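As structure tokens, the structure follows; a few thoughts come after it.
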Amino acid sequence: MSELPLLRVENLTREFTSSGGLFRPRKRMRAVENVSFDLPRGSVTGVVGESGCGKSTLARLVLRLLDATEGRVIFQGEDLGRLPPLALRRTRRRMQMVFQDPYSAIDPRFTIARAVLEPFQVQGLPLTTADQAEKAADLLRMVGLDPALAGKYPHQLSGGQKQRVGIARALALEPNFLVLDEPTASLDVSIQAQIIALLEELRDRLGLTYLFISHDLGLVRYACDRVIVMYLGSIVEILPTAHAAPRHPYTKALIDSSFAPDPTQRKPITRLSGEIPSAYQRPLGCAFAARCPSASNLCRSTRPALSQSPHAVACHHPHD
Ligand SMILES: Nc1ncnc2c1ncn2[C@@H]1O[C@H](COP(=O)(O)OP(=O)(O)OP(=O)(O)O)[C@@H](O)[C@H]1O
Ligand code: SF4
Ligand SMILES: [Mg+2]
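Counting along the sequence shown from 1, when you hit position 56 you're at 56 in full-length UniProt numbering, and nothing is skipped either side.
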């Protein structure tokens, strides 16, 4: 029998309503729509898609930093939506987030030691002064930083060092699951490679499971075991291995526009031709139809469902 996944997401949907105005009616849109997937323990799963496709909303839903309109998140067998506040807070120790922008994620008034130990304070877990110094030094060493940085302030650190502090803070409570939301997007390419190497090493050493979000499919295929591709709030394809040949025309277009063999030379996806439709006016059929070279009348009238196979694809005319 296969092991239970660490995390299971079932039919997750999040609606937002526009504020409207005197002559403008309020409109509703689904930033994340009917998203389901499992994360096996110890896996690194990428989530990729263009800006606005719902990646960060999905990240916040998975950690229950945002309530779902519909659907469930089951973490280690517990339905997060049904946990009472105290139990949810306890479970949150096991699941942490690393943000894109280490500049805004760390309070500029905090020393580095205080920043990495903040989760203990948030969780109401007191540490003695001696324990604080030791714990901060251990966490800094764990992410490859000199413990002497503990007394410094964020503005005295480089971008890469700050992102290491962000990772150290996420690891403070010994979680087993990290959501990494574009963890290297604000860094230089050479620093990006170092952070990816650090994340790989930490995963191996600590047995972590990652949900790795990025708009850069090249980076995701380099760093992840499998890849979820999103378009306008929905999953359009799940690549069961990072190098599986794409079956969805959108994934294919992303790969064609981002390919570079050397990971340090990779550039973010260039914009595909054609406009992404507005989520406030979702087309009737396939959301990718207006940009798709294979679009047929069926595509324009009927929305394709995501197939159930391990290599799931939502397309009426997938590539072989
Ligand atoms: N609090 C909110 N209220 C209204 N709309 C929102 C809210 N948060 C996100 N959205 C909308 O939901 C959609 C998805 O946003 P999200 O931030 O999840 O995208 P993303 O894939 O992370 O984009 P990026 O790559 O730019 O970070 C966007 O259209 C966004 O405008
Ligand atoms: S369903 Fe049709 S329009 Fe949509 S991606 Fe597939 S071929 Fe293209
Ligand atoms: Mg985002």
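All residues carry an ideal CB built from backbone N, CA and C; glycine is no exception.
Note that this is a predicted model, so its numbers are computed, not measured.
Where residue i sits in the DSSP three-state scheme
i: residue 23; result: coil
i: residue 303; result: coil
i: residue 78; result: strand
i: residue 220; result: helix
i: residue 165; result: helix
i: residue 261; result: Below a pLDDT of 50, predicted positions are generally treated as unreliable, and residue 261, at 49, falls in that range; the measurement from the model is reported next regardless. Residue 261: coil per DSSP, three-state reduction.
i: residue 141; result: helix
i: residue 226; result: strand
i: residue 149; result: helix
i: residue 287; result: coil
i: residue 38; result: strand
i: residue 255; result: helix
i: residue 31; result: strand
i: residue 247; result: coil
i: residue 157; result: coil
i: residue 134; result: helix
i: residue 298; result: helix
Cβ-heavy atom distance, residue i to ligand 1, below 8 Å
i: residue 179; result: no
i: residue 51; result: yes
i: residue 152; result: no
i: residue 105; result: no
i: residue 230; result: yes
i: residue 29; result: yes
i: residue 143; result: no
i: residue 32; result: yes
i: residue 54; result: yes
i: residue 75; result: no
i: residue 193; result: no
i: residue 20; result: no
i: residue 279; result: yes
Exposed unless 16 or more other CB atoms sit within 10 angstroms - verdict on residue i
i: residue 28; result: exposed
i: residue 155; result: exposed
i: residue 215; result: buried
i: residue 21; result: exposed
i: residue 181; result: buried
i: residue 163; result: buried
i: residue 87; result: exposed
i: residue 96; result: buried
i: residue 65; result: exposed
i: residue 189; result: exposed
i: residue 248; result: buried
i: residue 18; result: exposed
i: residue 351; result: There is no way to answer for residue 351, as the model of the chain reaches only from 1 to 320.
i: residue 122; result: exposed
Extent of the continuous alpha helix (DSSP H) to which residue i belongs
i: residue 56; result: 55-62
i: residue 89; result: 85-92
Any non-hydrogen atom of ligand 3 within 8 Å of residue i CB
i: residue 213; result: yes
i: residue 186; result: no
Any chain D beta carbon closer than 9 Å to residue i
i: residue 175; result: Chain labels in this structure do not include chain D; a single protein chain is all it has.
Residue i: first and last residue of the uninterrupted beta strand (DSSP E) it sits in
i: residue 6; result: Element bounds for residue 6: n/a, residue is neither H nor E.
i: residue 45; result: 44-48
i: residue 239; result: 234-239
i: residue 96; result: 95-98
heavy atom of ligand 2 below 8 Å from residue i C-beta
i: residue 295; result: yes
i: residue 44; result: no
i: residue 315; result: yes
i: residue 254; result: no
i: residue 274; result: no
i: residue 355; result: The chain is shown only over 1 to 320; residue 355 falls outside these bounds and no answer can be derived.
Residue i CB to nearest heavy atom of ligand 5 below 8 Å
i: residue 132; result: Looking for ligand 5 in the displayed structure turns up nothing; the ligands present are ligand 1, ligand 2 and ligand 3.
At what residue ranges does the region 102-130 contain a whole run of the alpha helix (DSSP H), taking only runs of 4 or more?
-> Fully enclosed alpha helix (DSSP H) runs of 4 or longer: 102-105 and 112-122.
Please list the segments of the beta strand (DSSP E) lying wholly inside the region 171-215, counting only runs of 3 or more residues, in order along the chain.
-> Taking only runs of at least 3 residues, the beta strand (DSSP E) segments lying wholly in the region 171-215 are 177-181 and 209-214.
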